[in-house]
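Trainee: In this note's numbering, the protein residues as written are 5 to 221.
Quick reminder that beta carbons are idealized off the backbone N, C-alpha and C, glycines included.
(1) Per the DSSP calculation, residue 35 is bridged to which residue(s)?
(2) So for residue 141, helix, strand or coil by DSSP?
(3) If I follow the unbroken alpha helix (DSSP H) through residue 156, where does it start and stop?
(4) Work out the CA separation of residue 176 and residue 209 for me, nearest whole Å.
(5) Can you give me the Cβ contacts of residue 119 inside the same chain, cut-off strictly under 6 Å, excluding the 5 residues immediately before and after it?
(6) Considering only residues of the same chain and omitting the five flanking positions on each side of residue 73, which have a CB-CB separation below 8 Å?
(7) Look at residue 64 and residue 13 and say whether their C-beta atoms are less than 7 Å apart.
(8) What is the DSSP secondary structure of residue 22, reduced to helix, strand or coil?
(9) Excluding the five sequence neighbours on either side, which residues of its own chain have a C-beta within less than 8 Å of the C-beta of residue 181, listed in chain order?
(10) With distances taken Cα to Cα, identify the nearest neighbour of residue 95 among 125, 138, 143 and 48.
(11) Could you name the residues of the same chain whose beta carbon sits closer than 6 Å to that of residue 66, not counting the 5 residues immediately before and after it, in chain order?
(12) Looking at C-alpha atoms only, which residue of 37, 34, 35 and 10 is the closest neighbour of residue 25?
This is the structure:
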């Protein structure tokens, strides 16, 4: 059986891609920077001008820096607030189903809100992942997930280290532990800080496959 083809825009090092692949897609990544660890076919190109034909669905993760706590005029005008809107407009102008992912607080409709606490695999014996991400879909998807609840100390994978790790664990969190919390074993520290856990897009990918089946019926 032929696997549907998914185009992964702003792909980074492939956290989202691995989830979609596990769900049943053949994935091709596009990013304007080299991604030597990307685990599937990769094309270095501008995601906003890359041809969208030849695929069955599209995922896009436009940069999210202007939704962080620290903002300035330049990033607010030209960062992902602008980029997210431009990405949505681009995807709405073509017929394929699409998914846009971004951080909490982004100017988007959050059809799915996913966090590490919702997935059994994103934890160790002593810690779990706290990493909420929002997903907007062309089909206005809706998922019944249990509410966010952290029954273990939460680990962050952003940056080199965070003071909360010292308070919670009395030490820095190792790269191995960060990888385990994210369900990712092929990325370095900085790549992990920008990644989506594959568990998230494996879940979204299952919904997308059902939507593709409905479209084909």
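Mentor: Walking through what the data contain:
(1) 48, per the DSSP bridge assignment.
(2) Note: residue 141 maps to strand in three-state DSSP.
(3) Run containing residue 156: none; DSSP gives neither H nor E here.
(4) Looking at the two C-alpha atoms, the distance is approximately 34 Å.
(5) For residue 119, where only same-chain residues beyond five positions count, the Cβ hits under 6 Å are 136 and 152.
(6) Any reading at residue 73 must be qualified, since the residue scores a pLDDT of 38, below 50, and its modelled position is unreliable; the value itself is stated next. Taken in chain order, the list of residues that qualify is empty.
(7) Yes, they are a contact pair.
(8) Helix at residue 22.
(9) Excluding sequence positions up to five before and after residue 181, its CB lies within less than 8 Å of the CB of 128, 131 and 159, all in the same chain and listed in chain order.
(10) Looking only at 125, 138, 143 and 48, the smallest Cα-Cα distance to residue 95 is reached by 143.
(11) For residue 66, where only same-chain residues beyond five positions count, the Cβ hits under 6 Å are 14, 84, 87, 88 and 91.
(12) Out of 37, 34, 35 and 10, 10 has the C-alpha closest to the C-alpha of residue 25.
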